[in-house]
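According to the UniProt record's numbering, the sequence shown holds residues 1 to 331 in order.
Working notes for the structure below.
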Amino acid sequence: MAGADDIVRGLLVIAIVGIGTILGWVLFVRTPDNLAQLLGVLLVVAVAVATARIGSNIAGSLLPAHNVAEVAVEGPISRDGGGGITSPPVGASADDIVEQIERADSDRGSEALLLKLNTPGGEIVPSEDIRIAAEQFDGPTIAYATDVCASGGYDIAAGCDELWARDGSIVGSIGVVGSRVNAKELADRLGLSYEQFTAGEYKDAGVPLKEMSEDEREYLQGIVDDYYDQFIDTVAEGREMDAETLKDTEARIFLGDEAEERGLVDRLGTRDDVEASLEQRLGEDVTVKEYEPKRGLTGKLRGGAQQVAFALGAGIAGVADGDIEGLSFRR
């Protein structure tokens with residue numbers, strides 16, 4: 001079946017290129033009767049190349065050459081992946097990854113989704129956005145952990161039908177961390193004092209330039225605990241595991257074989273093993289299409305604007321997801 005599709009796809013591309021070449025010849029070569037014909041030849045070549053690309057896209061849409069879409073989540077997870085206008089993302093951009101999964105879902109050739117995970121986790125809501133996108137994919141979804149599938153990465157895996165890992169993969173860290181820099185002593189040495197005008201008792205809780213009171217500490221620990229309970233509930237539901245079993249891991253990391261013994265991983269194997277399993281699911285040979293982010297100038301400008309907004313103090317909670325006045329929450 002795949003061979004027949006390849007033949008039809010090739011004939012379709014050739015037909016479209018032929019039409020484009022004839023059209024270019026009529027428009028730019030046959031009609032002129034002077035030196036413009038030289039330019040016309042060049043224009044014919046340009047039209048032929050353009051129609052070849054168009055034909056390939058049309059043929060790929062009508063008769064896809066793949067049946068599995070692969071999307072990678074690599075590096076620390078954040079809303080925009082970091083980076084800026086002149087530099088590439090330094091981690092996993094949740095917005096880009098969600099867009100890739102949605103694009104794959106709308107592609108008639110993508111019968112299954114292979115989510116390659118190599119991430120230590122990161123911001124909480126962006127991680128959940130990726131998990132939700134994986135859950136909504138119309139077809140089998142397989143998460144494959146390469147080096148690291150921890151914290152927010154494991155949250156994403158919980159949204160997939162299966163989680164595969166290697167023997168040496170690092171899996172787990174089902175927990176939440178809230179952190180802050182304590183710069184009070186340094187500020188005192190430099191002769192700096194903290195003064196802030198707030199409305200609301202806990203509005204400046206966690207600010208690093210002042211000592212944290214016990215009430216503030218209890219308040220912030222409560223937020224961390226709530227995030228943790230949400231994480232446990234999400235994984236318990238997605239992985240069909242007992243919540244207490246997950247809590248017993250105490251947010252530790254495990255190598256692939258122990259993770260499998262604990263039920264945190266479904267199967268161990270190489271990438272070839274994963275594709276062989278997908279072939280059994282789909283009942284046909286697997287051809288994988290790797291999706292790439294479409295991060296154009298607009299996305300870079302958006303990321304740069306967020307960084308500027310952060311620098312100008314335009315609202316930490318609105319720019320760095322999960323942060324409250326210097327206290328960072330990560331999963």
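All C-beta atoms in this analysis are idealised placements derived from N, C-alpha and C, irrespective of residue type, glycine included.
Computed from a predicted structure; not experimentally measured.
Taking residue 232 as part of the alpha helix (DSSP H), name the residues at either end of that continuous run.
-> 214-239
Nearest to residue 132 by alpha carbon, out of 123, 157, 291 and 219?
-> 157
Going by beta carbon distance, what residues of the same chain come within less than 7 angstroms of residue 312, once the five residues before and after it are set aside?
-> Interpretation of residue 312 is limited by its pLDDT of 34, a score under 50 that renders its predicted location unreliable; no figure is taken from the coordinates.
Boundaries of the beta strand (DSSP E) in which residue 210 is found, first to last residue = Residue 210 -> no beta strand (DSSP E), and no H or E assigned at all.
For residue 204, does the three-state DSSP call read helix, strand or coil?
-> coil
9 angstroms Cβ cutoff met for residue 113 and residue 101 = yes
Just mark residue 90 as buried or exposed, buried being the case when its beta carbon has 16 or more other beta carbons within 10 Å.
-> Exposed: under 16 other Cβ atoms inside 10 Å.
Nearest CA to the CA of residue 196: which residue from 243, 127 and 208?
-> 208
When the Cβ atoms of the stretch 133-150 are set against those of the stretch 171-186, are three or more pairs found closer than 8 angstroms?
-> Look at the beta carbons and you see the stretch 133-150 touching the stretch 171-186: at least three pairs across the two are nearer than 8 angstroms.
Same chain, Cβ closer than 7 angstroms to residue 219, neighbours up to 5 away in sequence not counted = 202 and 205
Give the C-beta separation of residue 177 and residue 130 to the nearest angstrom, bearing in mind that I take them to be a contact with Cβ-Cβ under 8 angstroms.
-> Not confirmed; about 19 angstroms, so no contact.
If we count the other Cβ atoms within 10 Å of its Cβ and call it buried at 16 or more, is residue 229 buried or exposed?
-> exposed
If you check the beta carbons only, do residue 93 and residue 331 fall under 9 angstroms apart?
-> no
By the 10 Å Cβ neighbour count, where 16 or more other Cβ atoms means buried, how is residue 192 classified, buried or exposed?
-> Exposed is the call here.
Measure the Cβ-Cβ separation of residue 329 and residue 223 and say whether it is below 9 angstroms.
-> yes
May I ask you to verify whether the stretch 268-288 touches the stretch 182-191, counting CB pairs closer than 8 angstroms and requiring at least 3?
-> no
Taking the CB atoms as reference points, tell me whether residue 134 and residue 256 lie closer together than 9 angstroms.
-> no
Evaluate residue 155 with the Cβ neighbour count: other Cβ atoms within 10 Å of its Cβ, from every protein chain shown; 16 or more gives buried, anything less gives exposed.
-> Looking at its Cβ environment, which holds 16 or more other Cβ atoms inside 10 Å, residue 155 is buried.
When you compare each of 115, 261 and 217 to residue 159 by their alpha carbons, which one comes out closest?
-> Selected option, being the one with the closest Cα: 115.
Residue nearest to residue 123 in terms of C-alpha spacing, selected from 71, 79 and 261 = 79
Looking at the structure shown, is residue 264 part of a helix, part of a strand, or coil, going by DSSP?
-> coil
How about residue 141 and residue 128: are their beta carbons less than 9 angstroms apart?
-> Residue 128 is positioned such that its CB atom lies no closer than 9 angstroms to that of residue 141.
According to DSSP, what are the bridge partners of residue 330?
-> 177
Cβ distance (whole Å) where residue 111 is taken to contact residue 71 below 8 angstroms = The pair is not a contact, with the Cβ atoms about 14 angstroms apart (cut-off 8 angstroms).
May I ask you to report which of helix, strand or coil DSSP gives residue 43?
-> Helix, per DSSP.
Who are the Cβ neighbours of residue 322 in its own chain at under 6 angstroms, not counting the five residues just before and after it?
-> Below a pLDDT of 50, predicted positions are generally treated as unreliable, and residue 322, at 47, falls in that range; the measurement from the model is reported next regardless. Within the same chain, residue 322 has close Cβ partners 123, 124 and 329.
Mapping DSSP to helix, strand and coil, what is residue 332?
-> Only positions 1 to 331 of the chain appear in the structure, and residue 332 is not among them; the question remains open.
What's the C-alpha gap between residue 184 and residue 76?
-> 29 angstroms
What first and last residue would you give for the alpha helix (DSSP H) that runs through residue 116?
-> Careful: residue 116 lies outside any alpha helix (DSSP H), inside the beta strand (DSSP E) at 112-119.
Answer with buried or exposed for residue 246, where buried requires no fewer than 16 other C-beta atoms within 10 angstroms of its C-beta.
-> Burial check for residue 246: the Cβ neighbour count within 10 Å reaches 16 or more, so the residue is buried.
Find out if the Cβ-Cβ distance for the pair residue 107, residue 289 is shorter than 9 angstroms.
-> Taking 9 angstroms as the cut-off, the Cβ atoms of residue 107 and residue 289 count as close.
How about residue 251 and residue 153: are their beta carbons less than 9 angstroms apart?
-> no
Determine which residues share a DSSP beta bridge with residue 162 and list them.
-> Answer is 142, bridged to residue 162.
Taking all protein chains shown into account, decide if residue 46 is buried (16 or more other Cβ within 10 angstroms of its Cβ) or exposed.
-> exposed
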